[in-house]
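Data first, discussion second: the structure below is written as structure tokens.
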Amino acid sequence: MKWLDALLGRSQPAKPNLDALFALPSAAVTLQAATGLEPTGLGSVCFRAAEGGAFATLEADVKALLGQRVEESRDSYGYTWLLVRREPSALSDLVTELHAVNSSLEGAGFGPSLLCSLVSFADQRGRRLAVVYLYKRGTFYPFAPLDGQRRDNALELQGRAALTGELKIEEDLGRWFPVWGAPGL
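Count along the sequence shown from 1, add 2, and you get the number used in our numbering.
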């Protein structure tokens, strides 16, 4: 059917590649050198919680695995956020734990419920930036919030320039969705 899809101009959606998260620690070094932003030790996973005992058990298992380093919250859109805390110097461990949460949900058949994961960065001037992984697209993008639900577009573009070549950056800027109030940002 692939040749028929090509003939008709249909394309397959991008496959998520959770292992791409493991490129974040080395990309963070490049980001820090280019922008002065350093990891904060905070990262989160966003998903739409499902009904039923299987999902509740899985969610409880994930929380038990991460212990006191995880906090759960819900946003105004009905999405669940799991915030993971680590020392800022333990970015590799943070990414491993975010990967474990995503993999657990995906492995249990809840992959379609995953929305995004993010890792937070900041500098001494108070600038904040999240490197967001879009699960359904398999791409990353920078999100730099300012007060009053505004974005620091210049910092986002600077982040994109620094991360290009390190991570698969989302090319469609229209998909750089704001994640206002995301835990850890």
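Each residue gets a CB set at the ideal place from its N, CA and C atoms; glycine is no exception.
If you're wondering where the values come from, they're calculated on a predicted model, not measured in any experiment.
Mapping the DSSP letters down to three states, classify residue i as helix, strand or coil.
{"i": "ALA184", "result": "coil"}
{"i": "LEU39", "result": "coil"}
{"i": "PHE142", "result": "strand"}
{"i": "PRO147", "result": "strand"}
{"i": "ASP21", "result": "helix"}
So, is residue i buried or exposed, given that buried needs 16 or more other C-beta atoms within 10 angstroms?
{"i": "PHE123", "result": "buried"}
{"i": "THR166", "result": "exposed"}
{"i": "ARG127", "result": "exposed"}
{"i": "GLY43", "result": "buried"}
{"i": "VAL31", "result": "exposed"}
Look at the alpha carbon of residue i and the alpha carbon of residue j, and state the distance between them as a whole number of angstroms.
{"i": "LYS65", "j": "GLU74", "result": "9 Å"}
{"i": "SER119", "j": "GLY54", "result": "23 Å"}
{"i": "PHE179", "j": "ARG87", "result": "23 Å"}
{"i": "VAL134", "j": "ASP125", "result": "18 Å"}
{"i": "ARG177", "j": "GLU158", "result": "13 Å"}
{"i": "SER115", "j": "ALA51", "result": "7 Å"}
{"i": "ASP95", "j": "ALA146", "result": "23 Å"}
DSSP has residue i in a bridge; who is on the other side?
{"i": "LEU116", "result": "PHE49"}
{"i": "VAL121", "result": "GLY45, VAL133"}
{"i": "GLU74", "result": "LEU84"}
{"i": "LEU169", "result": "THR166"}
If I follow the unbroken alpha helix (DSSP H) through residue i, where does it start and stop?
{"i": "ASP154", "result": "Here ASP154 belongs to no alpha helix (DSSP H), and DSSP marks it neither H nor E."}
{"i": "ASP95", "result": "93–107"}
{"i": "ALA56", "result": "55–68"}
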